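K.L.:
Counting in the numbering used here, the sequence shown runs from 17 upward without gaps. Using N, Cα and C, we set each Cβ at its ideal position, and we do this for glycine too. Predicted, not measured: the structure shown is a model, and the values here were computed from it. Let me give you the structure first, and then I'll get to my questions.
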Amino acid sequence: MRVLFGLVLVVGIGLAGFAAYMAKNRIGEYQATLAEQQAKIASNVPLEPVFVLKRRIAYGERLTKKDVKIIAWPENAIPEGAFQEGTELFPESGELRTVLRVMEKDEAVLALKVTEPGEDAGVSSRLAKGMRAFALRVDVSSGVSGFLRPGDNVDVYWTGETRGRNVTKLIETNLQLLAVDQIADGDRNAPTIARTVTVMASPQRIGALAQAQSSGRLTLSLVGAGDDTEVAAIEVDQNQLLGIEEKVKIEQQAERVCTIKTRKGAEVVEIPIKCTE
């Protein structure tokens with residue numbers, strides 16, 4: 017009986033081993049086939065070299081060759097502004113670029129996220145061609161309770177007196193903030209009650225903002241991220257706010273009548289004629 021039991025046990029172990037061996041071979045074949053198919057798919061997509069980061073880099077840091085690496089990137093999905101040539105990212109002059117916003121590990125290095133070689137991360141590096149920086153005075157109420165950050169867009173409202181009326185008028189839309197106080201890092205998260213904000217605008221618009229700031233009070237309104245809605249002209253006075261209809265008196269000018277006098281005997285008659293003046 018013991019011999020029979022031992023024989024059955026040995027046969028069972030053998031069968032189990034054989035089944036495991038067959039399963040291992042099948043899994044190996046499946047993995048090999050899968051790898052082959054993936055290689056075929058990859059070979060059908062043209063790849064291009066792109067510089068990405070080896071580590072997380074914060075605003076204001078200098079970008080060095082030790083911070084980047086080259087990876088193969090699908091040609092049809094390369095981000096706009098990505099660097100593909102080493103001499104383009106690191107020129108022969110040896111001047112380094114400065115990071116303008118936080119970038120994460122394995123993120124592609126983009127031109128809009130770094131300065132030109134040798135430049136720092138100051139406000140001047142963010143100005144587009146033909147644009148200027150201008151500072152606006154704000155407080156806790158006019159500055160959206162301190163929740164403004166560099167990179168946000170705002171609408172500007174002017175409140176003052178015009179033609180004997182106190183009015184509030186929308187004077188500028190979608191102005192981009194370059195800095196809040198002396199902070200130009202758009203990745204800061206802590207709210208700050210700012211005293212000034214620096215906006216980017218054309219010289220013409222800056223002239224209008226300077227005049228508005230000196231003649232009344234400015235209030236900022238935060239524009240939602242990605243909101244490209246066109247805003248119509250807005251002007252509100254106190255009567256509109258309270259729903260008061262202003263009555264306008266219309267004075268009717270009496271029609272001018274011209275006459276000539278004609279004597280008929282002892283009677284003088286006035287005859288109406290067309291006025292010549």
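Measure the CB-CB distance between residue 216 and residue 149 and report whether it falls below 8 Å.
P.N.:
A contact, by the Cβ cut-off of 8 Å.
K.L.:
In this structure, what does DSSP give as the bridge partners for residue 185?
P.N.:
Beta-bridge pairing links residue 185 to 174 and 251.
K.L.:
Based on DSSP bridge pairs, tell me the residues matched to residue 233.
P.N.:
DSSP output for residue 233 lists 175 as bridge partner(s).
K.L.:
Roughly how many whole angstroms lie between the Cα atoms of residue 222 and residue 238?
P.N.:
Residue 222 and residue 238: Cα-Cα distance of roughly 19 Å.
K.L.:
How many angstroms separate the CA atom of residue 230 from the CA atom of residue 122?
P.N.:
About 48 Å.
K.L.:
Whole alpha helix (DSSP H) runs in the stretch 83-124 with 4 or more residues, listed along the chain?
P.N.:
As far as the stretch 83-124 is concerned, its whole alpha helix (DSSP H) runs of at least 4 residues are 102-105.
K.L.:
If you draw a straight line from the C-alpha of residue 52 to the C-alpha of residue 66, how long is it?
P.N.:
Whole-angstrom Cα-Cα distance: 25 Å.
K.L.:
For residue 125 and residue 61, what's the separation of their Cα atoms in angstroms?
P.N.:
Taking the straight line from one Cα to the other gives about 22 Å.
K.L.:
Is the separation between the beta-carbon of residue 165 and that of residue 212 shorter than 8 Å?
P.N.:
No. Outside cutoff.
K.L.:
Taking DSSP's pairing of strands, which residues face residue 78 in a bridge?
P.N.:
BP columns for residue 78 point to 114.
K.L.:
Kindly indicate which residue of 49, 114 and 179 has the alpha-carbon position closest to the one of residue 142.
P.N.:
The candidate whose alpha carbon is nearest that of residue 142 is 114.
K.L.:
To the nearest angstrom, how far is it from the Cα of residue 174 to the Cα of residue 194?
P.N.:
Taking the straight line from one Cα to the other gives about 21 Å.
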